[in-house]
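Numbering (my numbering), first residue to last: 94 to 568.
By construction, the Cβ of each residue, glycine as well, lies at the ideal position given by its N, Cα and C atoms.
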Ligand SMILES: Cc1cc2nc3c(=O)[nH]c(=O)nc-3n(C[C@H](O)[C@H](O)[C@H](O)COP(=O)(O)OP(=O)(O)OC[C@H]3O[C@@H](n4cnc5c(N)ncnc54)[C@H](O)[C@@H]3O)c2cc1C
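Shown next, in the form of structure tokens:
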């Protein structure tokens, strides 16, 4: 036992030597915030966090870990919601934090590309693009703290997926440290490249289970010159999807975000989040919040949105609507959407689902899920909201008013099974944008075919035969 301990200490010293004195910590105050998942669902332990500054240091760390059999857990901004960046509770996994690798290596507005290191905060990349009059469209609630390495490893979605795709769609090339310590430099600038398997897609969405993303070349876009934010109260959920389809057609597919909000969620935001008010003069059950953007000012887009909403009102599809008159009013509309997330917290336990179904089946999903969860836990309060334009609904179920929180949360898996059963029957996905991590790992095998699971395991075994890359996550 003593020898094992001595060996371990020597291995950790070797890792510390790679990054130098500023590149590691074993101080419990530094470590503790890194060991908890944002919702508090997972709490891990580690003897050491490593903070490399270069790709070469990452490669040396990975090689040393392979040599000594030490499992590594990569971590970006630690905003992931599936426990993917949390080490296990056993304390035998080393945390690899990418935050010091935050250089923008190159930006080329003419080529519409930017090359960044994995530890760049998403907002930093958005700002760097804006500084050269370009847009990096990935945008999500955690953009002030999540890192691009984490975004790519989870194939993040967010509010602009409808128009620009997921994180995966924004990548031209990657630099990855493979589980054997080799560096794969795939930082290409090519828009077309059909030279065999497109390996970058293996690492995007792999949640650190196949290697460490150290840098990426990303696509930029023209910066919009005119943005119109509109909020519409809609007859019902099928009407929300009908409205989406019409707005896409009327604007020539300029709708960049299209979010569903329902009464219960808005009530929670008004009740618990300061500054949130009911957006329209009357109270309605279902709302669509949309952002439409154009490449030039005075493009006529606002008039198109106005006319489309007016026509929908005449038909009874839209019950009332408002178009933001100022940037502040647009912000206030978006504040309601963000407030739905915050507003759920003081209401007690909330059992979460990040699901997607084909866009045309969103209404059917919500109707069936509402009925099923009410039967499973009488009095529970479903809060459906989110990226309706992508068929991605955050279906969170708040506890009954008088139920004990812990008793309610103990039903997490049972309620997931109810909701995910409906999702599967509609041809949907149990993880639309947050990933698998630890949270859904055991469920993965139930939703993928044996052929698909086998293929995933084979890929894992070939690239990471010792299972040292984020073990216990994904597969
Ligand atoms: C308020 C809030 C709003 C959110 N909204 C959205 C949303 O709209 N859409 C959405 O998709 N997500 C959303 N999320 C979830 C989260 O922000 C995303 O999953 C994000 O992409 C995670 O990035 P991160 O840097 O925090 O990664 P982390 O949480 O640190 O890590 C996530 C996973 O990636 C791995 N990883 C991290 N960096 C690397 C790397 N360099 N190489 C290899 N593996 C790595 C980790 O091991 C882990 O498995 C939200 C979260 C919060 C708290």
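- Cβ-Cβ distances below 7 Å link residue 498 to 441, 442 and 492 in the same chain, with the five nearest sequence neighbours on each side left out; the list follows chain order.
- Within the chosen limit of 8 Å, ligand 1 reaches the beta carbon of residue 233 through at least one heavy atom.
- With respect to the C-alpha of residue 559, the residue from 456, 124 and 161 having the closest C-alpha is 161.
- Not a single heavy atom of ligand 1 lies less than 8 Å from the C-beta of residue 142.
- Taking C-beta atoms under 8 Å as the contact rule, residue 157 and residue 200 fail to qualify, at a distance of about 33 Å.
- Counting C-beta pairs closer than 8 Å gives three or more between the segment 292-299 and the segment 256-269, which meets the contact rule.
- Around the beta carbon of residue 408, fewer than 16 other beta carbons sit within 10 angstroms, so the residue counts as exposed.
- Using a Cβ distance threshold of 9 Å, residue 369 and residue 428 count as a contacting pair.
- Contact annotation: the segment 395-413 does not touch the segment 465-475, with fewer than three C-beta pairs closer than 8 Å.
- Assignment of residue 412 by DSSP, reduced to helix, strand and coil, places it in the strand class.
- Here residue 199 is bridged, per DSSP, to 208.
- If only uninterrupted alpha helix (DSSP H) runs of at least 4 residues are considered, those enclosed by the segment 415-493 are 420-437 and 455-469.
- With respect to the C-alpha of residue 540, the residue from 517, 435, 306 and 197 having the closest C-alpha is 517.
- Nearest to residue 567 by C-alpha distance, out of 556, 555 and 549, is 549.
- In this structure, residue 148 has its beta carbon at no less than 8 Å from each heavy atom of ligand 1.
- For residue 124, the CB stays at least 8 Å from every heavy atom of ligand 1.
- Only residues of its own chain outside the window of five on either side were considered, and among them 449, 450, 451, 452 and 455 have a CB closer than 7 Å to the CB of residue 484, listed in chain order.
- Residue 379: member of the beta strand (DSSP E) spanning 379-387, first to last residue.
- Of the other Cβ atoms in all chains shown, 16 or more fall within 10 Å of the Cβ of residue 445; this residue is therefore buried.
- Minimum Cα-Cα distance from residue 373 among the listed residues 390, 192, 496 and 414 corresponds to 414.
- Distance from the C-beta of residue 365 to the nearest heavy atom of ligand 1 is not below 8 Å.
- Sequence-distant partners of residue 348 (beyond 5 residues in either direction) whose C-beta falls short of 8 Å from its own C-beta, in its chain, are 255, 256, 337, 340, 341, 383, 384, 385 and 482.
- Apart from sequence neighbours up to five positions away, the residues of its chain that approach residue 524 with a beta-carbon distance below 7 Å are 447 and 533, ordered along the chain.
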